[in-house]
Amino acid sequence: MADTLTVRTAGITTVQDLGRVGRSRYGLPANGAVDQHSARVANVLCGNDEHAPLLEITALDFACTPSSDILVAVTGAPADLTVDGATRPQWEPVPVPAGATLRVTGIRRGLRVYLAVLGSFEADYLQGSCAPDTILGFGPALRDGDELALRTACPSLDHPFSRIPLFRLNAPVPRFPTSWTIDVTDGPDRADFGDTGRRLFEAPFTVSPQSNHIGLRLRGDVPRRVTQGEVLSRGVPIGAVEVPAGDELLVLHRGRGVTAGYPVLAVVTATGLSALGHVRPGQSIRFRHRTLDQAITAHRAQRGAVDALRTRVRTAFDALRIPVPAGT
Amino acid sequence: MKVHVLDGHVTIADCGDSALAAKVAGLDAEDAWRFVHALADALDAVRLTGVHGVVPTYDTLLVEFDCARTDHDTVRGVLRHEATRIGTRSALDSARTTPPRRFVVPVVYGGEHGPDLPDVATQLGLTESEVVAIHSGSDLTVRCLGAPAGAPMMDGPAFPGPVPRLASPRTRVEPGAVAVAGRQAVICPMPSPGGWPLLGRTPLRVLDLHSDPITVYRPGDTFRFVPITPDQWDDHADAPLAACHG
Chain A
-12 MADTLTVRTA GITTVQDLGR VGRSRYGLPA NGAVDQHSAR VANVLCGNDE HAPLLEITAL
48 DFACTPSSDI LVAVTGAPAD LTVDGATRPQ WEPVPVPAGA TLRVTGIRRG LRVYLAVLGS
108 FEADYLQGSC APDTILGFGP ALRDGDELAL RTACPSLDHP FSRIPLFRLN APVPRFPTSW
168 TIDVTDGPDR ADFGDTGRRL FEAPFTVSPQ SNHIGLRLRG DVPRRVTQGE VLSRGVPIGA
228 VEVPAGDELL VLHRGRGVTA GYPVLAVVTA TGLSALGHVR PGQSIRFRHR TLDQAITAHR
288 AQRGAVDALR TRVRTAFDAL RIPVPAGT
Chain B
126 MKVHVLDGHV TIADCGDSAL AAKVAGLDAE DAWRFVHALA DALDAVRLTG VHGVVPTYDT
186 LLVEFDCART DHDTVRGVLR HEATRIGTRS ALDSARTTPP RRFVVPVVYG GEHGPDLPDV
246 ATQLGLTESE VVAIHSGSDL TVRCLGAPAG APMMDGPAFP GPVPRLASPR TRVEPGAVAV
306 AGRQAVICPM PSPGGWPLLG RTPLRVLDLH SDPITVYRPG DTFRFVPITP DQWDDHADAP
366 LAACHG
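Residue numbers (the numbering used here), protein chains in the order written: chain A, -12 to 315; chain B, 126 to 371.
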């Protein structure tokens, strides 16, 4: 019988990956992990392909038990990670013995935690991805008692002093501040807003409860379009800051519909989108203007740090004689 | 920077750190639409490293990429090159086209299924039945697949003016909702948020998640809306959308 990971406390947890890319021409949104950086790092810490299925745990406590020894990595927002009650580090590979209970509790200063397992687990795919699409009704949230079939067996990781961490890989951990600043570049319709465009940077905006992975609604001193006329629907990028005629801004996230017709004042940067995935309804955020060069440099630095981590993981796994999972 | 093509030009604008948008101006709507779809085909064929999405719509092509693997200048250069190549009358006329197919779509207008019909009629200075007659009075061409979830986005019906979008988008629109905005028309295949005024709803099932692609219609196909009464809803309920023959 295949080894499994049994969900004890599901909270709000889904099987995720980096998203359904390449299908936007057919009207399908990308979706995928809202904090792409944390999801990528979790898989890399397990030696997995960065696109491998992993768990996205949102806000609420989570617990699971494997039927065999596994190696996991937990990234994302700060939380309390324990294995049979013993505290374990986030952002490092952590062995979990067969039958032990892994708990993620007290998620704070952010909204989402990612849990990857060495070798990953089986998942249903739609159009090339296991990422849930709530519009299509694909990818249900996990429930208590669900069993995920593990793809590969993990070697037992004996450690004579089990309280001493096996790994010290120095993964790139982003900041989880108490108040969020989100980087944006100018949008293609910036000129439509005249001087009112500056309002985006002059005061904070409050995240409305009607916010999710599709988009966030923000209340505040909303810039006003000074030009007239309806915009023909066109493709809009993930991160588009749209300004409808009402009193809220829309910020499109990874589940966004691929076309829209509201003017796009600004676009959240690639690194800003990962941060925005951690903002809670009711919190306020500030926007910070970046040039394209600044935004691209920040993204490349973040991705370069993940590439360097992947090399350190290979070296550490070789030293411990952990086979790197197939397909990576 | 503008690239001159035919009688018009293409402008390529930055859309954040991971996308560009090429917009055609100066061509008629039909040529602009054919141009951006031919440009999308060309970019797909080039398979440029780092580019992972092309979204051709009416007069605009959005190109999505990973800015860690490519950059704006590289993608912009390829777009300009391909735009110049396509931008002659003979190249545009010979761009790949598949024969259009026709879909007939029954719609219950107004009432609970089309709550914005009265407002749209008022905004256009028409009666509700005039709005229905125009919306169902001609074949509408599908121009692209868009939000939500592979929705067929069509040319709008021949209303006397554009239809304003809702000031505050609805958080949920029912599947099969038939909507208009600006000079466009759409069917929402799946329950989703939406900012388009709703005229009615079709009982047909628009998408099949278990086929690939998930839609039976393609850009260039035509839709004809046919009014039905609420009593006739059950005659069509959950039947799959299918092209007409002959």
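All C-beta atoms, glycine included, are put in the ideal place defined by N, C-alpha and C.
A quick note: this is a predicted structure, and the numbers were derived from the prediction, not measured.
Cross-chain neighbours of Pro282(B) in chain A, by beta carbon under 7 Å: If you number the second sequence from 1, residue 282(B) lands on position 157. Chain A residues near Pro282(B): none, gap ~15 Å exceeds 7 Å.
Using a Cβ-Cβ cut-off of less than 9 Å, list which residues of the stretch 231 to 245 of chain A approach chain B; keep chain order. Pro231, Ala232, Gly233, Asp234, Glu235, Leu237, Arg243, Gly244, Val245
Within the continuous alpha helix (DSSP H) that includes Ala170(B), where are the two ends? Here residue 170(B) corresponds to residue number 45 of the second sequence, with the count starting at 1. Its alpha helix (DSSP H) spans residues 154 to 171.
Using the C-alpha atoms, what's the distance from Ala288(A) back to Ala295(A)? Locating residue 295(A) in the first sequence gives position 308, counting from the first residue. Locating residue 288(A) in the first sequence gives position 301, counting from the first residue. Ala295(A) and Ala288(A): Cα-Cα distance of roughly 10 Å.
Along the stretch 178 to 198 of chain B, what residues have a CB closer than 8 Å to any CB found in chain A? Gly178, Val179, Val180, Pro181, Thr182, Tyr183, Asp184, Thr185, Leu186, Leu187, Glu189, Cys192, Ala193, Asp196, His197
Check the Cβ-Cβ distances between Cys369(B) and every residue of chain A, and say whether any is below 8 Å. Against the second sequence, residue 369(B) aligns to sequence position 244. Output row for Cys369(B): interface = no.
Alpha carbon of Ser336(B) to alpha carbon of Leu113(A), nearest angstrom: Working through the second sequence from its first residue, we reach residue 336(B) at position 211. Working through the first sequence from its first residue, we reach residue 113(A) at position 126. Using only the alpha carbons, I get a separation of about 10 Å.
Every unbroken alpha helix (DSSP H) within the stretch 166 to 243 of chain A, with a cutoff of 4 residues, ordered by chain: 186 to 189
What span of residues does the alpha helix (DSSP H) with Gly202(B) cover, start to end? To locate residue 202(B), count along the second sequence from 1; it is residue 77. Per DSSP, Gly202(B) belongs to the alpha helix (DSSP H) from 197 to 211.
According to DSSP, simplified to helix, strand and coil, what is Phe304(A)? On the first sequence, position 317 is the one that residue 304(A) refers to. Residue state, collapsed to three classes: helix.
Taking only beta carbons into account, state which residues of the stretch 302 to 324 of chain B come closer than 9 Å to chain A, listed in chain order. Ala306, Gly307, Arg308, Gln309, Val311, Pro314, Met315, Pro316, Ser317, Pro318, Gly319, Gly320, Trp321
If we count the other Cβ atoms within 10 Å of its Cβ and call it buried at 16 or more, is Lys127(B) buried or exposed? Here residue 127(B) refers to the residue found at position 2 when the second sequence is read from its first residue. Exposed, because fewer than 16 other Cβ atoms sit within 10 Å of the Cβ of Lys127(B).
Since Gly9(A) meets chain B, which of its residues come closer than 7 Å, beta carbon to beta carbon? By 1-based counting over the first sequence, the position of residue 9(A) is 22. Correct list: His177, Gly178.
Let me confirm a value: Glu237(B) is counted as buried when at least 16 other C-beta atoms fall within 10 Å, else exposed. Which label applies? The residue given as residue 237(B) occupies position 112 in the second sequence. Exposed, by the Cβ-count rule.
Length at least 3, wholly inside the stretch 16 to 57 of chain A: the beta strand (DSSP E) runs in chain order: 41 to 45, 49 to 53
Unbroken beta strand (DSSP E) run spanning Ala306(B), endpoints: The count along the second sequence starts at 1 and reaches residue 306(B) at position 181. Run containing Ala306(B): 302 to 306, per the beta strand (DSSP E) assignment.
Buried versus exposed call for Asn35(A) [16 or more other C-beta atoms within 10 Å across all chains shown]: As a position in the first sequence, residue 35(A) is number 48, starting the count at 1. Flag for Asn35(A) reads buried.
Is His286(A) helix, strand or coil by DSSP? Along the first sequence, one-based indexing puts residue 286(A) at 299. The answer is helix: DSSP assigns His286(A) an H, G or I state.
Where the alpha helix (DSSP H) containing Ala254(B) begins and where it ends: Reading the second sequence from its first residue, position 129 is the one you call residue 254(B). Note that residue 254(B) corresponds to Ser in the displayed sequence, not to Ala. Where Ser254(B) is concerned, the enclosing alpha helix (DSSP H) stretches over 253 to 260.
Can you look up Leu5(A) in the DSSP assignment and give me helix, strand or coil? If you number the first sequence from 1, residue 5(A) lands on position 18. Correct three-state label for Leu5(A): coil.
Mapping the DSSP letters down to three states, classify Ala144(B) as helix, strand or coil. Residue mapping note: residue 144(B) aligns to position 19 of the second sequence, counting from 1. Strand at Ala144(B).
Taking Cβ positions only, does Asp142(B) come closer than 8 Å to chain A? Start at 1 with the first residue of the second sequence, and residue 142(B) comes out as number 17. Interface residue, yes.
is_contact[Thr340(B), chain A] using C-beta, thresh 8 Å: In the second sequence, counting from the first residue as 1, residue 340(B) sits at position 215. Chain A contact via Cβ: present.
Using a C-beta cutoff of 8 Å, does His286(A) count as contacting chain B? For the purposes of this step, residue 286(A) is identified with residue 299 of the first sequence, where counting begins at 1. Taking Cβ atoms only, chain B reaches closer than 8 Å to His286(A), which makes this a yes.
Roughly how many angstroms lie between the CA atoms of Pro10(A) and Leu(-8)(A), to the nearest whole one? Position 23 of the first sequence holds residue 10(A). Position 5 of the first sequence holds residue -8(A). The sequence given here has Arg at residue 10(A), not Pro. One C-alpha to the other measures close to 31 Å.
Can you tell me whether Arg204(A) is buried or exposed, with buried defined as 16 or more other CB within 10 angstroms of its CB? Here residue 204(A) refers to the residue found at position 217 when the first sequence is read from its first residue. When all chains shown are included, Arg204(A) counts as buried.
Contact list for Pro273(B) against chain A, beta-carbon separation under 7 Å: In the second sequence, counting from the first residue as 1, residue 273(B) sits at position 148. The contacting residues are Ile122, Gly244.
Alpha-carbon spacing of Val232(B) relative to Ala253(A), whole angstroms: What you label residue 232(B) is simply residue 107 of the second sequence in a count that begins at 1. What you label residue 253(A) is simply residue 266 of the first sequence in a count that begins at 1. About 38 Å.
Any idea if Arg308(A) is buried or exposed, counting beta-carbon neighbours within 10 angstroms, 16 or more meaning buried? Walking along the first sequence from the start, residue 308(A) turns up at place 321. Arg308(A) comes out exposed.
Measuring CB to CB, does Leu242(B) end up less than 8 Å from Leu145(B)? Position 117 of the second sequence, counting from 1, holds the residue named residue 242(B). Position 20 of the second sequence, counting from 1, holds the residue named residue 145(B). For Leu242(B) and Leu145(B), no; Cβs fall outside 8 Å.
If you count every other CB in all the chains shown that lies within 10 Å of the CB of Ala103(A), and 16 or more means buried, which is it? One-based indexing of the first sequence puts residue 103(A) at position 116. Result: buried.
Check whether chain A comes within 8 Å of Pro225(B), counting only Cβ atoms and requiring the distance to be less than that. As a working mapping, residue 225(B) is identified with position 100 in the second sequence. Not an interface residue.
Taking the beta carbon of Asn45(A) as the centre, do at least 16 other beta carbons fall within 10 Å, making it buried, or is it exposed? On the first sequence, residue 45(A) is found 58 positions in, with the first residue counted as 1. The sequence shown places Thr at residue 45(A), rather than the Asn named in the question. Classification for Thr45(A): buried.
Residues of chain A with CB closer than 9 Å to the CB of Ser293(B), please, in chain order. The count along the second sequence starts at 1 and reaches residue 293(B) at position 168. The contacting residues are Pro231, Ala232, Gly233, Asp234, Glu235.
Check whether the stretch 302 to 311 of chain B touches the stretch 276 to 294 of chain B, counting contact only when three or more Cβ pairs, one atom from each stretch, lie closer than 8 Å. yes
Report the residues of the stretch 255 to 271 of chain A with a CB closer than 8 Å to any CB of chain B, ordered along the chain. Val255, Thr256, Ala257
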